[in-house]
Amino acid sequence: MRETPPPGGRTVQRLRRADDVLDLQAAGRRGGTPAVLRLLAARTRAGVLLLHPSGTDACPPPAPVNAAERALARSAVREAVTRGTGSAAVGQTTLTCLVVTLPGRPGTRLPVLAAVAPRPAPPDLPVLLADAATVLSLTWDAERGRQQAHQAQLADTGTREAVLQLLMAGQIAVARRLARTLRSALPDTVRMYAVEGPAAARRDAADWAATTAAWVGREPGGARRTLVLEPATPTRPLAAWLHHPAVADTCHVGISDAVPLRDTALAHHQALRALTAARRHPERRAAHAQLGDLAPALGPAGAAWAAATLAPLHTHRPARPQDPDGPALLATATAWLHHPTDAAARLGIHRNTLAARLTHLHHRLGTDPHRLADRAALSLALRMRTDGQSICVAGAGLDELLAQPQVIDWASSRLHPLHAPDAPPALADTLARWLRHDARIGPTAQELALSPSAVRKRLGRIETLLNCALLRPPTAVHDLWLAHRALELAGRP
0 MRETPPPGGR TVQRLRRADD VLDLQAAGRR GGTPAVLRLL AARTRAGVLL LHPSGTDACP
60 PPAPVNAAER ALARSAVREA VTRGTGSAAV GQTTLTCLVV TLPGRPGTRL PVLAAVAPRP
120 APPDLPVLLA DAATVLSLTW DAERGRQQAH QAQLADTGTR EAVLQLLMAG QIAVARRLAR
180 TLRSALPDTV RMYAVEGPAA ARRDAADWAA TTAAWVGREP GGARRTLVLE PATPTRPLAA
240 WLHHPAVADT CHVGISDAVP LRDTALAHHQ ALRALTAARR HPERRAAHAQ LGDLAPALGP
300 AGAAWAAATL APLHTHRPAR PQDPDGPALL ATATAWLHHP TDAAARLGIH RNTLAARLTH
360 LHHRLGTDPH RLADRAALSL ALRMRTDGQS ICVAGAGLDE LLAQPQVIDW ASSRLHPLHA
420 PDAPPALADT LARWLRHDAR IGPTAQELAL SPSAVRKRLG RIETLLNCAL LRPPTAVHDL
480 WLAHRALELA GRP
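Everything in the sequence shown is counted per numbering that gives the first Met the number 0, starting at 0 for the first residue and increasing by one.
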């Protein structure tokens, strides 16, 4: 701020005031409300506060203000508010306080600018406060507008994430109703993208995708992934935002098949499986391979088996309001199977609550959580369920389903790379033993007379050959157990 020139005529005062106004406006453009307050405090050498009518700080003061100065400022604000005037002055023995309400629309509770200075106050202080209040009204409105826009964006983002979570939980009707609050209709056919990469790049991808009527949300559990759900009409090409530099250069993207809206959970699973392949792909993206899906090969008999398997959960009614109901247990099972290390965070519950739910779930289903066979069967049933309204009928058991010719063909194709002529024979044997030991590395290493690190290295090579993940989610261990079991029932290696 320019130094105050010596007293002079009105021309000097007008020039000085013009300089002050220009400096205040420049500070407002550079740093907003805090910068204007700092400049005003330096110019007046007074204690400067911007207070709400209630007396609380609307903005942190630019310099420390002692208790006596703050009490005087609050007293002056109360007087201005009580009298309904735009300004007021309150004095004490050694201090004086001038307050000016920021100009704005009538009926709004605008902040009050206060300056506490030793008596007698500088003669130009009232004019300087009035000019500063005019500038502050502009910066305050701009900042409140940006804040409200940010809050509206957060609300919109939160609602869209809630829609995604409802879709993945199978609650289609509720998701459609919530989507209508945003004046958006959910499409009948969708495709999901799982985007993994730096936070800034994923934000750019989300902003870009949002311009194409996509539903964008974070992966539950705080993972470094963003989910994008887009309409998948037959004439629609793959998302143009995939070619955005922020995505193409730094992110890995897994792409699901086009599926009906009711199968959003399946699309999520496919996108995560494709993401595993994308991590090894030079173009950083991969589409879901139809070869990896067992559910379509099982057909109506598989759907009936899944309905019968999950019937104890669909029909479950909790004895107490605080106990989990059927949909909560189904969501718990899905999160635990696909993401066992952070299932509680994904569900938004305490880990002890998760343990209690899992105990209740396995008691109702009659399964053992430590047996890979039971986990694989439950995973398959969850992937084949529709909306929980399937008719439960007696049908084939899992072994009968896996013994079907089309399932055996699927299993042979799934495990073929391990039995190719150029594949080390030890890898197929290691996978078989690892699956028999419920995917536990310690017992597998003991049986093979290897170290645990050697077993992990072999499993890593198997991941590369089968283009899947075994040691970190989303894992393909359940599908590999089912494929191995199908070949075992057929008497094939």
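Heads up, the beta-carbon is just placed ideally off N, CA and C, and yes, glycines get one too.
Three-way DSSP call (helix, strand, coil) for residue i in this model
i	result
S86	strand
D123	coil
G490	coil
L470	coil
V476	helix
G103	coil
A485	helix
L293	coil
R176	helix
V134	helix
R190	strand
M0	Reliability fails at M0, whose pLDDT of 46 lies under 50, so the model's placement of it is uncertain and the value that follows must be treated cautiously. Looking at M0 - three-state DSSP - the assignment turns out to be coil, as it is neither helix nor strand.
G365	coil
H349	coil
T421	Inspection of the sequence shows that residue 421 is occupied by Asp rather than by Thr. Coil.
P451	helix
A151	helix
L181	coil
P320	coil
S53	coil
H315	coil
V64	coil
R159	helix
R69	helix
Span of the beta strand (DSSP E), counted from its first residue to its last, around residue i
i	result
P230	R224 to P230
D56	D56 to C58
H251	H251 to I254
L50	G46 to L50
L112	V111 to P117
Bounding residues of the alpha helix (DSSP H) (the contiguous stretch that carries residue i)
i	result
G441	I440 to L447
P424	P424 to R435
V11	R9 to T43
T500	Nothing can be reported for residue 500: it is not among the residues displayed for the chain, which extend from 0 to 492.
R278	From DSSP, R278 is part of no alpha helix (DSSP H); its letter is neither H nor E.
G495	In the structure as shown, the chain starts at 0 and stops at 492, and residue 495 therefore has no counterpart that could be examined.
V406	P404 to L414
L328	G325 to H337
L379	L371 to M383
D398	L397 to L401
A343	A342 to L346
Identified DSSP bridge partners for residue i
i	result
G459	Its beta-bridge partners do not exist; DSSP assigns none.
E195	R224 and H251
T358	None; T358 has no bridge partner.
W214	L228
P259	T188
A285	G253
Beta-carbon proximity list for residue i, same chain, < 8 Å, skipping 5 on both sides
i	result
L486	I407, A410, S411, L414 and P492
L400	L297, A300, G301, W304 and V406
D56	L48, L49 and L50
Spatial neighbours of residue i in its chain, beta-carbon cut-off 6 Å, leaving aside the 5 residues before and after
i	result
A376	L397
C391	For C391, the pLDDT reaches just 42, beneath the cut-off of 50, and the residue's location in the model is therefore unreliable, leaving the point undetermined.
A296	Q405, V406 and W409
G325	L312, H313 and H315
A402	L488
V511	Only positions 0 to 492 of the chain appear in this structure, which leaves residue 511 out of reach.
A72	L48, C96, A113 and V115
Below-8 Å beta-carbon distance, residue i vs any chain C residue
i	result
A294	Chain labels in this structure do not include chain C; a single protein chain is all it has.
7 Å Cβ shell around residue i - same chain, five flanking residues per side excluded
i	result
A342	A334, W335 and L353
A468	T275, E462, T474 and A475
P451	I440, G441 and A444
V134	L23, Q24, G27 and V35
P110	L49, L50, H51, A57, L101 and W139
W214	R159, V162, L163 and L228
Heavy atom of the ligand MN within 7 Å of residue i beta-carbon
i	result
T32	This structure does not include the ligand MN; it has no bound ligands of any sort.
The stretch 244 to 263 / the stretch 197 to 206 touching (three or more Cβ pairs under 8 Å): Yes, since at least three Cβ pairs between the stretch 244 to 263 and the stretch 197 to 206 fall closer than 8 Å, the two stretches touch.
Cβ contact check for the stretch 190 to 199 and the stretch 139 to 157: 3 or more pairs under 8 Å: The stretch 190 to 199 vs the stretch 139 to 157: no contact.
contact_flag[the stretch 395 to 406, the stretch 454 to 464] where n(CB pairs < 8 Å) is 3 or more: When Cβ pairs closer than 8 Å are counted between the two stretches, the stretch 395 to 406 is seen not to touch the stretch 454 to 464, the count staying below three.
Contact between the stretch 52 to 63 and the stretch 116 to 130 (3+ Cβ pairs under 8 Å): No contact exists between the stretch 52 to 63 and the stretch 116 to 130.
Cβ pair count under 8 Å reaching 3, the stretch 128 to 138 against the stretch 65 to 79: In this structure the stretch 128 to 138 does not lie against the stretch 65 to 79, because fewer than three pairs of beta carbons, one per stretch, are closer than 8 Å.
Validate contact between the stretch 250 to 266 and the stretch 277 to 285 using beta carbons, cut 8 Å, 3 pairs: Verdict: yes, contact present.
Three-pair Cβ contact test at 8 Å for the stretch 138 to 154 versus the stretch 31 to 47: Taking 8 Å as the limit for Cβ pairs, the verdict is that the stretch 31 to 47 does touch the stretch 138 to 154.
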